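*Asks:*
Numbering (the working numbering), first residue to last: -14 to 241.
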């Protein structure tokens, strides 16, 4: 299957528009200027919303499937580049630079934060988010199930916790580093992710793809069953629908 076909599949997969999208309104409410770059843009949901608000938006993602999907789903004129933090030079500068749940996953968060600052125009804004120190229950349940059923060491694929403190203070310190940024807001936001069982389990396999890739078919089935048992309290009655409480750390910084 070519990358364009994979991009179409991803673009129409609901799980990529899942829990991370809850921060999009919060981020765009804090965005400023006319030009915007979403680093780690995924399928381009934030890019589309930013374009509707009048921003000239550009996307960057390390995954070629995401680049294809974002390119297919965004309006003409929106550029989407394949690049991975911290090596994202050559794109110019932007008045707002966004990293939505990206610094959780990169191997070099300090260097990546510096790259975000370099991408930001003088007087511009950097907006970064990460999961808090305690993962939302729908994600922590997957981690616990993987540990219990498969003995996966460290559950690779998402949210490496020890690289920086997942608090407003920790993310602020990461962004400040040796950069020319000044933090103006550091907070925690809440929302509810509404989804169904099929979508949720598909999401889990995406969030922790490296961990799931290690497992055989029977073990993956056992993990899914264990996850379903762990999140039963969030199910709406006897339906297959769930409501999960979510939180994220949001930090806004300005470049002087």
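For every residue, glycine included, the Cβ atom is placed at its ideal position computed from N, Cα and C.
Just so it is clear, the structure is predicted and the values come from calculations on it, not from any experiment.
1. Quick check: the segment 114 to 124 against the segment 95 to 104, are there 3 or more CB pairs under 8 Å?
2. For residue 38, count neighbouring Cβ atoms within 10 angstroms of its own Cβ and tell me buried if that reaches 16, exposed if not.
3. Give the DSSP-derived three-state secondary structure of residue 88 in the structure shown.
4. Report the three-state DSSP secondary structure of residue 270 (helix, strand or coil).
5. Buried or exposed: where does residue -8 fall if 16 or more other Cβ atoms within 10 Å of its Cβ makes it buried?
6. On a CA-only basis, which of 50, 148, 41 and 205 is nearest residue 92? Give me that one, please.
7. Could you compute how far the alpha carbon of residue 27 sits from the alpha carbon of residue 43?
8. From residue 9 to residue 132, what distance separates their C-alpha atoms?
9. For residue 170, does the three-state DSSP call read helix, strand or coil?
10. Helix, strand or coil: how does DSSP classify residue -2 here?
11. Nearest to residue 216 by alpha carbon, out of 235, 232, 185 and 170?
12. So if DSSP puts residue 46 in a beta bridge, which residue, or which two residues, is it bridged to?
13. Considering only the alpha carbon of each residue, which of 169, 207, 64 and 150 lies closest to residue 109?
14. Please report the distance separating the alpha-carbon of residue 176 from that of residue 7.
15. Straight-line CA distance for residue 12 to residue 57?
16. When you compare each of 54, 211, 224 and 15 to residue 111 by their alpha carbons, which one comes out closest?
17. For residue 206, count the other beta carbons within 10 Å of its own beta carbon; 16 or more makes it buried, fewer makes it exposed. Which is it?
18. For residue 238 and residue 166, which I take to be in contact (beta-carbon distance under 8 Å), what is that distance rounded to the nearest angstrom?
19. Whose C-beta lies closer than 8 Å to the C-beta of residue 36 among residues of the same chain, with five residues either side of it excluded?
20. DSSP puts residue 83 in a beta bridge; with which residues?
21. Evaluate residue 240 with the Cβ neighbour count: other Cβ atoms within 10 Å of its Cβ, from every protein chain shown; 16 or more gives buried, anything less gives exposed.
*Replies:* Concretely, from the data shown:
1. no
2. The sequence position of residue 38 within the chain shown is 53, counting from 1. By the Cβ-count criterion, residue 38 is exposed, with fewer than 16 other Cβ atoms from all chains shown falling within 10 Å of its own Cβ.
3. Translated into positions along the chain shown, residue 88 becomes position 103. It is coil, neither helix nor strand.
4. Only positions -14 to 241 of the chain appear in this structure, which leaves residue 270 out of reach.
5. As a first step, residue -8 is located in the chain shown; it is residue number 7 there, counting from the start. Per-residue confidence for residue -8 stands at a pLDDT of 45, beneath the threshold of 50, marking its modelled position as unreliable; the derived number appears in the next sentence. It is buried - the Cβ of residue -8 has at least 16 other Cβ atoms within 10 Å.
6. Taking the first residue of the chain shown as 1, we reach residue 92 at position 107. Of the candidates 50, 148, 41 and 205, the one whose C-alpha sits nearest the C-alpha of residue 92 is 148.
7. Walking along the chain shown from the start, residue 27 turns up at place 42. Walking along the chain shown from the start, residue 43 turns up at place 58. Taking the straight line from one Cα to the other gives about 12 Å.
8. As a working note, residue 9 is residue 24 in the chain shown. As a working note, residue 132 is residue 147 in the chain shown. When only Cα atoms are considered, residue 9 and residue 132 end up about 31 Å apart.
9. By one-based count along the chain shown, residue 170 stands at place 185. Strand at residue 170.
10. By one-based count along the chain shown, residue -2 stands at place 13. Confidence is the limiting factor: at residue -2 the pLDDT is only 46, short of 50, which leaves the residue's position unreliable, though a coordinate-based value still follows. It is coil, neither helix nor strand.
11. Position 231 of the chain shown, counted from the first residue, corresponds to residue 216. When only C-alpha atoms are compared, the closest one is 185.
12. Stepping through the chain shown from its first residue, residue 46 is reached at position 61. According to DSSP, residue 46 bridges with 67.
13. Working through the chain shown from its first residue, we reach residue 109 at position 124. With distances taken between Cα atoms, residue 109 lies closest to 169.
14. As a position in the chain shown, residue 176 is number 191, starting the count at 1. As a position in the chain shown, residue 7 is number 22, starting the count at 1. So the alpha carbons of these two residues sit roughly 6 Å apart.
15. For the purposes of this step, residue 12 is taken as the residue at position 27 of the chain shown. For the purposes of this step, residue 57 is taken as the residue at position 72 of the chain shown. Cα to Cα, the separation comes out at about 23 Å.
16. Here residue 111 is taken as the residue at index 126 of the chain shown, counted from 1. Closest option to residue 111, Cα to Cα, is 15.
17. By one-based count along the chain shown, residue 206 stands at place 221. Residue 206 is exposed by the Cβ-count criterion.
18. The residue given as residue 238 occupies position 253 in the chain shown. The residue given as residue 166 occupies position 181 in the chain shown. Residue 238 to residue 166, Cβ: 4 Å. Contact.
19. Residue mapping note: residue 36 aligns to position 51 of the chain shown, counting from 1. Once the five neighbours on either side are set aside, the close Cβ partners of residue 36 are 42, 59, 60 and 63.
20. By 1-based counting over the chain shown, the position of residue 83 is 98. In the DSSP output, where bridge partners are listed per residue, residue 83 has 23 and 112.
21. Taking the first residue of the chain shown as position 1, residue 240 is located at position 255. Residue 240 comes out buried.
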